[in-house]
Structures are given as C-alpha cells and as structure tokens.
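To keep things clear, I will list the structure first and then write my remarks on it.
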C-alpha cells in the first residue's frame with residue numbers, strides 16, 4: 127500500500143484586520159497579543175504542531191515585522207529540524223507596488239512556487255487569526271475517507287450570525303451541495319471556519335485555471351461544489367474569529383471562565399518565550415500584602431499592589447497601591463499608578479496611566495466611538511502603544527487614545543464618551 131505523503135500547511139497571516147483599530151496600528155492581526163503571554167497566531171501554530179504536521183508556510187503581508195520576530199525559526203513550536211520547517215512567505219507584488227494579494231486564493235496562487243517545491247497529498251489552509259483547538263490530522267483522515275477534492279471545516283452558529291461567514295448546505299453524507307458566501311437571508315446555520323483541506327493536485331489545477339478567481343469562499347469553493355466533490359467536516363469545539371474589538375475582548379474573558387471550554391494550557395498552546403518581551407527572562411509575579419485579586423490572570427514579571435478584578439494582565443505590568451483594574455486587558459509593561467482606575471479598557475504595551483486618572487469614566491456605554499462606531503460600541507476604551515494618560519485625567523467610554531500620545535497632547539482634563547485623541551492633540 128502506498129504511504130500517504132504528509133500534508134503541507136499554509137497559514138494566511140497577511141490580513142489588515144482593521145476592525146481591531148489601534149491594536150493593529152503597528153502589527154499584523156495574527157501578531158496581536160492575547161491572554162497575557164500569547165499571540166493570536168500561536169493557536170493555529172500549536173494546533174498544527176499538536177496534529178503532528180511538520181512543514182508550514184506562513185503568508186505575510188501587512189506590517190509583518192512583529193509577526194516575523196515572534197515566529198523566529200519556528201523553534202517554539204518544534205518546527206526546526208532536517209525534516210520539518212517553517213517558511214515565512216513575504217508579500218508577492220504584481221506589476222505595481224500596490225498590487226498586493228486580492229484575496230485568499232490569490233495569496234496562495236502568488237506562492238505557487240512554494241507549493242510546487244513541497245509536493246504532498248494534501249494542503250491544509252488555515253487563517254492565522256482565529257482562536258480554537260482542533261486536530262487537523264483527524265480532519266485529514268476524514269478528507270481521505272471521502273476521497274474529497276476539498277474538505278471544509280464547518281460548525282453550527284446562530285442564524286443571526288451566519289451573514290458573517292460562508293455557509294454550506296449539505297446532504298446526508300456531509301457532501302456540500304450548495305454554497306452561500308455571507309448570505310443576507312441564510313438557508314442554513316452551518317458556517318465555514320476558513321479551514322480547508324485540499325487535494326494537492328486539485329488545488330494546483332484550480333489555482334492555474336482562472337487567475338480572476340481570487341478568493342476561496344467567493345470563487346474556488348463554489349466551482350468545486352459544482353464539480354461535486356466537496357465535503358463538510360463537522361466541528362463541535364471552541365472557535366472564535368477575533369476580528370472585532372468586542373469578539374477579541376470576549377475571547378480574552380473566556381480564559382477566565384471555568385465553563386467556557388477555553389483553556390490554552392489544556393490545549394497545549396505554545397508561544398515564543400524568547401522573542402519580543404522575552405517572557406522567559408521575567409521574574410515571577412509579585413503581589414503586595416494589601417492587593418486584591420478576583421477572577422484574573424496575572425503573568426510573570428508583574429507587580430500587583432492594588433486591585434485587579436476580571437482582567438488579563440500581561441508580563442511586566444505594575445498596578446500600584448490604590449489602583450484598580452476591572453474588566454480589562456492590559457498588555458506588557460504598562461504602569462498604572464496610585465489611585466488610578468482602568469475599567470472596561472484595552473491598554474496596548476507600555477502605557478502609563480497617571481495617579482488618580484480614570485479610564486472608563488461614567489456609566490454611558492452606548493455612545494459609540496464617533497470616528498469608528500462599528501469598532502467601539504459596548505463601552506470598551508482603547509489606549510495605544512506607548513501612550514501616556516496624565517494624572518487626574520478622565521477618559522470616557524468607547525474612546526480611543528492613539529499610540530505614543532504624550533501627556534501634553536490632552537487639551538482638557540476630560541476626554542468625553544466616543545472621542546478619539548491623536549498625538550497632535552486633535553480630538554474627533
């Protein structure tokens with residue numbers, strides 16, 4: 127019996143992720159920190175590692191430097207060695223510098239030389255910006271058992287949410303017989319997770335047929351379904367697309383809930399502890415004798431003298447005496463000074479909150495951000511990397527403070543609900 131060749135993995139990690147607002151101001155979406163010590167892409171990479179797959183190509187494009195630094199040579203996920211490896215596939219421009227990837231299929235097509243130099247029986251195509259735990263080896267076996275051209279991982283979602291996804295109608299044998307991409311009036315609640323297993327030869331043939339077919343969901347899959355050999359692989363576990371601020375915040379909060387089904391430790395998720403802020407060099411977290419902690423995650427190198435409730439604290443964060451952090455996500459090396467309050471907020475790296483300042487002031491959670499009402503509308507306030515918040519400053523709900531804002535940029539002592547502050551002091 128001919129032994130099957132090990133599947134090749136491609137991770138799409140080049141998207142802008144603009145709905146994450148200032149969190150992607152200086153980094154790609156898959157490189158956004160998550161749950162204290164991780165990056166979003168760690169989940170896809172760890173799933174690949176835990177499934178026993180060894181050859182990975184990562185397609186980058188938008189602001190890739192932070193992501194590339196995090197990935198390194200792939201050692202953190204055991205991808206270094208003679209018969210294994212991780213390849214960073216940089217952007218492939220066309221005739222003009224602005225001619226970047228036009229869609230998911232176009233991104234893979236522009237890297238077809240990598241596919242052809244790594245022949246396999248199957249190609250697993252993943253997004254680098256989802257939070258989930260999945261056994262790809264089981265999906266590959268399902269794919270082989272069906273002799274499928276394409277297998278799509280799919281899960282049941284509420285019909286009210288199906289407009290965000292590609293959706294498939296299946297027969298009793300799990301064969302996909304119809305496809306709708308982000309339907310306004312859905313006929314099914316079965317949604318695509320953006321995870322595909324392609325027959326290697328079928329994928330190459332599909333990519334070479336018509337270069338105007340630039341997206342898997344819009345073009346490649348519908349045609350494959352017409353040709354009649356696409357199957358749905360049912361998934362029942364935890365999966366989240368963290369492409370919005372609200373979804374990102376909720377997924378982080380799920381880490382703190384016992385019944386969420388989300389546990390990076392049990393899932394054996396790895397991260398690069400040697401890169402970036404070098405988690406491996408951090409001392410253990412320290413807790414003052416008068417601190418208060420309730421339902422929180424506190425990472426190494428942090429020092430907590432104040433109160434932290436229902437929050438995620440990344441490495442190196444200092445919460446001084448009398449300061450309170452509630453329902454918030456705090457990135458690496460932030461300083462929250464005495465008497466300050468951070469409530470329902472996300473603080474990027476190296477933010478300083480002055481004494482007695484309040485981020486998340488007032489009870490009005492419904493006035494959306496004036497510039498980006500679709501990004502911030504539930505009360506969450508964002509503070510960008512390296513920003514400073516002056517002592518006694520009040521910052522309302524659904525606000526945005528841009529990265530690198532200095533104390534002198536604040537025109538008044540109060541930033542009202544929904545306002546955005548820019549480094550030059552302009553408020554919108």
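In the numbering used here, the protein residues as written are 127 to 554.
Beta carbons: idealized from backbone N, C-alpha and C, even for Gly.
| Asked | Found |
| --- | --- |
| What residue does the beta strand (DSSP E) around residue 420 start on, and which one ends it? | 418 to 420 |
| If you check the beta carbons only, do residue 246 and residue 139 fall under 8 Å apart? | no |
| I'd like to check one pair, residue 205 with residue 212: are the Cβ atoms closer than 8 Å? | yes |
| State the beta-bridge partners of residue 469 as determined by DSSP. | 452 |
| Taking only runs that begin and end inside the stretch 172 to 254, name each unbroken alpha helix (DSSP H) of 4 or more residues, in chain order. | 191 to 197, 230 to 235, 238 to 242 |
| Under the assumption that residue 324 contacts residue 248 (Cβ atoms under 8 Å), give the Cβ distance between them as a whole number of angstroms. | 7 Å |
| Can you look up residue 357 in the DSSP assignment and give me helix, strand or coil? | strand |
| Quick check on the burial criterion: 16 or more other C-beta atoms within 10 angstroms. Buried or exposed for residue 303? | exposed |
| From residue 223 to residue 529, what distance separates their C-alpha atoms? | At residue 223, the pLDDT of 48 sits below 50, so the modelled position is not reliable and the matter cannot be decided from this model. |
| Would residue 426 and residue 455 qualify as a contact pair, given that the criterion is a beta-carbon distance under 8 Å? | no |
| In three-state DSSP terms, what is residue 343? | helix |
| Is the distance from the Cβ of residue 436 to the Cβ of residue 421 below 8 Å? | yes |
| Which same chain residues, not among the five before or five after residue 180, have their C-beta less than 6 Å away from its C-beta? | 210 |
| Buried or exposed, going by whether 16 or more other CB atoms sit within 10 Å of the CB of residue 552? | exposed |
| Say whether the stretch 352 to 366 touches the stretch 264 to 279, bearing in mind that this needs 3 or more beta-carbon pairs closer than 8 Å, one atom from each stretch. | yes |
| From the DSSP output, in three-state form, read off residue 367 for me. | strand |
| Throw me the rounded Cβ distance for the residue 476 and residue 441 pair, which I believe falls under 8 Å. | 12 Å between Cβ atoms; not a contact. |
| Pull up the CB-CB distance for residue 557 and residue 515, whole angstroms please, since I reckon it's below 8 Å. | With the chain running from 127 to 554 in the structure shown, residue 557 is simply not present. |
| Specify, as a first and last residue, the run of the alpha helix (DSSP H) that residue 269 falls within. | 262 to 271 |
| Nearest by alpha-carbon distance to residue 471: which of 480, 485, 463 is it? | 485 |
| Between the alpha carbons of residue 290 and residue 227, how many angstroms are there, rounded? | 21 Å |
| Spatial neighbours of residue 141 within its chain, please: CB distance less than 7 Å, with the 5 preceding and 5 following residues excluded, ordered by chain position. | 155, 188, 255 |
| DSSP three-state call for residue 335: helix, strand or coil? | helix |
| Assuming the contact rule is C-beta atoms closer than 8 Å, residue 461 and residue 438 should be a hit. Round their C-beta distance to whole Å, please. | Their Cβ separation, rounded to whole angstroms, is 17 Å, which puts residue 461 and residue 438 out of contact at 8 Å. |
| For residue 350, which residues from the same chain have a beta carbon less than 8 Å from its beta carbon, with the 5 sequence-adjacent residues on both sides left out? | 275, 276, 328, 332, 356 |
| According to DSSP, what are the bridge partners of residue 487? | BP columns for residue 487 are empty, so no partner. |
| Hey, how far is the Cα of residue 542 from the Cα of residue 493? | 10 Å |
| Which residues in the same chain have their Cβ closer than 6 Å to the Cβ of residue 532, if we skip the five residues on either side of it in sequence? | 514 |
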